[in-house]
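Visitor:
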């Protein structure tokens with residue numbers, strides 16, 4: 003059997019001789035200084051897996067780049083060359099072959115053992131294997147070095163070789179196969195990493211090993227089938243031997259003989275009536291143990307003959323993508339096990355710009371948050387990574403469908419060498435690696451590059467140079483078809499399916515909606531019904547405690563130095579302010595600005611999702627930009643960089659619930675749309691009320707409804723229930739069962755909100771959990787308890803809440819050690835107070 007020795011301990015990082023380091027908590031713009039500890043050319047301990055930044059942070063040689071403007075002072079790290087050093091331990095083995103295996107190197111590296119070059123790498127997204135049989139020794143400890151060239155140096159070398167090409171950013175990320183957003187993005191810092199970012203080990207083996215296993219899992223009728231495509235590597239002595247591959251799926255096994263010299267074989271196991279894997283909300287997520295064992299039948303009797311073993315878990319399900327033409331254009335609808343799905347999705351970016359800090363527990367926390375918010379699809383965005391198996395394992399277990407982008411985003415990518423072979427190698431490796439995961443339902447060629455070629459003036463600038471089209475429409479679909487044909491492939495997002503239509507035509511395929519955030523009001527989401535909205539979003543700052551931890555600005559203000567540095571979007575604050583001005587008076591202080599921008603984010607996303615969900619099945623999915631952040635920043639995320647939910651997160655739980663009530667316009671008038679994504683019929687009596695601002699019911703209708711499973715029912719709103727816009731003193735409520743919708747005929751700044759007034763009761767449970775009950779004395783719009791203002795570690799179970807006079811809401815707070823009613827009252831915010839505040843005398847928001 004193969005022996006494996008992890009190489010975890012004993013690594014050091016040699017500091018570059020030609021660079022200086024920044025220490026302490028230097029602010030942006032401070033000059034770099036010599037390290038306080040070891041000097042240039044000396045070493046510090048290194049953690050493997052890890053990266054240079056995390057090692058420098060641990061050694062006290064780098065200020066935390068997430069704080070204030072320290073990111074700027076850390077820029078030298080990405081420009082430097084770095085060397086990791088260790089030793090190959092003494093090797094005592096009877097095996098014929100020893101390999102040094104790196105699951106991932108970030109990115110341009112030269113690997114040497116005992117002064118002998120083993121090889122070089124230039125791709126973060128794939129693994130590497132070096133034969134070190136000739137170097138092993140039973141006694142010697144042989145020096146091992148991994149010397150990293152700056153990713154900038156490598157990218158600029160390739161750019162000089164292949165020629166400059168268009169890019170949405172100024173950094174050269176399209177010339178190196180590396181996580182693009184480490185070079186910065188409109189929500190992320192520029193922290194260009196280097197390091198041994200995945201495990202490294204020695205593998206000792208004889209006769210043959212399993213080089214790659216790709217399990218193709220299908221279902222036909224009531225029968226399941228696993229077709230394991232197995233690739234072998236043999237030693238010279240093992241090349242002439244027949245071998246046996248044993249495939250086991252659950253309780254079902256099969257054996258396949260591998261003829262002498264053969265290095266590829268397919269083993270098939272049939273599983274009668276398997277339990278099917280379903281997305282969350284549609285069924286359970288059973289998985290089956292899948293094991294491939296390679297054996298040598300000619301082994302000595304005292305040996306069991308096992309040479310190598312591969313183990314994963316697989317799930318039985320079918321997935322198809324319906325793109326058929328219809329009266330509205332052409333569809334983009336995912337169907338799992340034959341059931342069409344409205345995808346309730348979020349976009350995923352790397353959860354930390356230093357990705358080695360994201361472990362299995364952190365993946366699970368974040369994805370558990372997604373599932374708890376009603377999400378059933380996570381799109382892994384193309385400027386990031388093929389994530390670790392821990393990510394996909396969690397999605398498998400939680401029933402979260404995964405849409406996986408290939409790592410291409412927002413730039414023209416050269417198709418020539420040395421990049422083309424790297425792209426194919428990484429694609430084949432990762433399509434195979436991720437094949438066991440039932441959660442993976444779609445491969446997508448790129449993010450916005452087909453759109454960019456058409457709309458961003460690339461074509462004239464390229465003047466005939468390659469830009470990636472050959473990847474998205476040629477190489478990548480071929481790799482998917484050859485490696486794992488059980489899953490659909492789509493060329494890009496957005497993409498209309500062919501050049502016959504504009505790439506971002508909402509009538510065909512996938513669409514990105516960014517004009518609304520960039521130039522319009524969020525009510526303009528109501529103007530179209532895309533077939534599938536793969537990106538749309540609205541910004542808001544992080545939670546107050548997150549901003550306070552990351553920034554030392556005094557006073558804290560929207561335009562204070564740290565806040566501006568942690569706002570990476572072009573004219574981001576200007577867009578936030580223009581978005582507010584359409585609905586609210588100018589905020590008088592930072593706290594009001596902070597609250598209202600978070601309200602506006604939740605309102606914007608709600609406007610889009612409610613509208614598009616009400617048009618199912620014409621619109622078959624919404625994928626919010628974005629679930630998560632990679633550092634503390636003002637961004638489109640629902641969960642900020644310190645893992646704190648914004649109000650948008652709690653709003654997603656309402657918007658993505660199986661049952662949703664919303665008031666919408668239709669050609670014949672206003673309707674109450676009852677969206678039923680549940681498996682059972684939804685019936686009952688909807689109560690519609692026209693209500694005065696003081697709570698008086700002016701008119702009421704009780705209308706029976708029936709919404710079949712996975713459908714939308716519409717109830718016309720009677721004319722007498724439509725609130726008058728004049729004076730802004732009336733509103734409409736619709737209640738169906740436990741679900742409720744609110745409709746205000748005018749914008750907030752034109753509505754006659756009363757002075758906020760409520761009664762507050764605080765109860766503390768024996769476990770320390772606090773229950774804050776707020777009873778409204780008047781109409782309260784979007785009441786919010788900002789729990790992190792009570793204590794940095796505090797959180798609450800609900801977000802924005804609207805109450806009529808006499809109604810109550812309970813906010814359950816955890817992590818609050820010293821609860822008092824006064825503190826709870828001080829952490830409550832409402833639109834009432836924000837609209838009735840004194841106007842800002844300087845035309846902008848100020849700090850406290």
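Residue numbers (our numbering): 3 to 850. Where a beta carbon is used, it is the ideal one built from N, C-alpha and C, also for glycine. Model, not experiment: these values are computed from the prediction.
In whole angstroms, what separates the C-alpha of residue 7 from that of residue 319?
Guide: 36 Å
Visitor: My assumption, with CB atoms under 8 Å, is that residue 852 sits in contact with residue 703. Please give the rounded CB distance.
Guide: With the chain covering only 3 through 850, there is no way to say anything about residue 852.
Visitor: Taking three-plus beta-carbon pairs below 8 Å as touching, is the segment 576 to 594 in contact with the segment 638 to 656?
Guide: no
Visitor: Fully enclosed by the segment 821 to 845, which alpha helix (DSSP H) runs are 4 residues long or longer?
Guide: 823 to 828 and 833 to 838
Visitor: Using the beta-carbon count (16 or more within 10 Å), is residue 767 buried or exposed?
Guide: Per the 10 Å Cβ criterion, exposed.
Visitor: Looking at residue 144: is its Cβ nearer than 8 Å to the Cβ of residue 116?
Guide: yes
Visitor: If you draw a straight line from the C-alpha of residue 85 to the C-alpha of residue 61, how long is it?
Guide: 16 Å
Visitor: Would residue 694 and residue 732 be called neighbours here (beta carbons separated by less than 8 Å)?
Guide: yes
Visitor: Whose CA, out of 251, 508 and 442, lies closest to the CA of residue 453?
Guide: 508
Visitor: Go to residue 611, then tell me how far its alpha helix (DSSP H) extends in each direction, as first and last residue.
Guide: 592 to 615
Visitor: Under a three-way DSSP split, which group does residue 259 fall into?
Guide: DSSP, reduced to helix, strand and coil, places residue 259 within a strand of the structure shown.
Visitor: Only counting the same chain, and skipping five residues up and downstream in sequence, which positions put a Cβ closer than 8 Å to that of residue 330?
Guide: 509, 531, 533 and 620
Visitor: From residue 638 to residue 772, what distance separates their C-alpha atoms?
Guide: Their Cα atoms are separated by approximately 30 Å.
Visitor: Excluding sequence positions up to five away, which residues of its chain have a Cβ less than 7 Å from the Cβ of residue 376?
Guide: 346, 654, 655, 658 and 659
Visitor: Whole-angstrom Cβ separation of residue 293 and residue 227, contact assumed at under 8 Å?
Guide: Contact flag wrong, Cβ pair sits at about 16 Å.
Visitor: Relative to the alpha-carbon of residue 196, which residue among 440, 212 and 55 has its alpha-carbon at the smallest distance?
Guide: 55
Visitor: Can you look up residue 12 in the DSSP assignment and give me helix, strand or coil?
Guide: Of the three classes helix, strand and coil, the one that applies to residue 12 here is coil, per DSSP.
Visitor: What does a CB cutoff of less than 6 Å around residue 301 pick up in its chain, not counting 5 residues either side in sequence?
Guide: 307
Visitor: Just to check my reading of the structure: residue 157 and residue 174 have Cβ atoms closer than 8 Å, yes? What is that Cβ distance to the nearest angstrom?
Guide: 4 Å
Visitor: Quick check: what's the CA-CA separation for residue 760 versus residue 726?
Guide: 26 Å
Visitor: Between residue 102 and residue 134, is the Cβ-Cβ spacing less than 8 Å?
Guide: yes
Visitor: For residue 685 and residue 701, which I take to be in contact (beta-carbon distance under 8 Å), what is that distance rounded to the nearest angstrom?
Guide: The Cβ separation is near 24 Å, so there is no contact.
Visitor: Would you give the residue range spanned by the alpha helix (DSSP H) that residue 649 belongs to?
Guide: 649 to 657
Visitor: Buried or exposed for residue 549, please, with buried defined as at least 16 other CB atoms from any protein chain shown within 10 angstroms of its CB.
Guide: With 16 or more Cβ atoms within 10 Å of its Cβ, residue 549 is classed as buried.
Visitor: Using 8 Å as the threshold, is the C-beta distance between residue 344 and residue 603 below it?
Guide: no
Visitor: Under three-state DSSP, which class holds residue 369?
Guide: helix
Visitor: Measure the Cβ-Cβ separation of residue 188 and residue 572 and say whether it is below 8 Å.
Guide: With respect to residue 572, residue 188 sits close: the two C-beta atoms are nearer than 8 Å.
Visitor: Note down the Cα distance separating residue 706 from residue 341, rounded to an integer number of angstroms.
Guide: 28 Å
Visitor: On the DSSP bridge assignment, give the partners of residue 332 in chain order.
Guide: 327 and 510.
Visitor: I'd like the span of the alpha helix (DSSP H) that includes residue 661, first residue to last.
Guide: It is not in any alpha helix (DSSP H) - residue 661 instead sits in the beta strand (DSSP E) that spans 661 to 668.
Visitor: Any idea what DSSP makes of residue 416, helix, strand or coil?
Guide: coil
Visitor: Residue 127 to residue 176, Cα distance in whole Å?
Guide: The alpha-carbon atoms of residue 127 and residue 176 are separated by roughly 14 Å.
Visitor: Please report the residue range of the alpha helix (DSSP H) in which residue 564 lies.
Guide: In this chain, the alpha helix (DSSP H) harbouring residue 564 covers 563 to 567.
Visitor: I need the boundaries of the alpha helix (DSSP H) containing residue 74, first residue and last residue.
Guide: 72 to 75
Visitor: Hey, is the segment 444 to 453 in contact with the segment 138 to 153, meaning 3+ C-beta pairs nearer than 8 Å?
Guide: Contact between the segment 444 to 453 and the segment 138 to 153 is absent, because fewer than three Cβ pairs lie under 8 Å.
Visitor: Give a yes or no on whether the C-beta atoms belonging to residue 230 and residue 259 are separated by under 8 Å.
Guide: no
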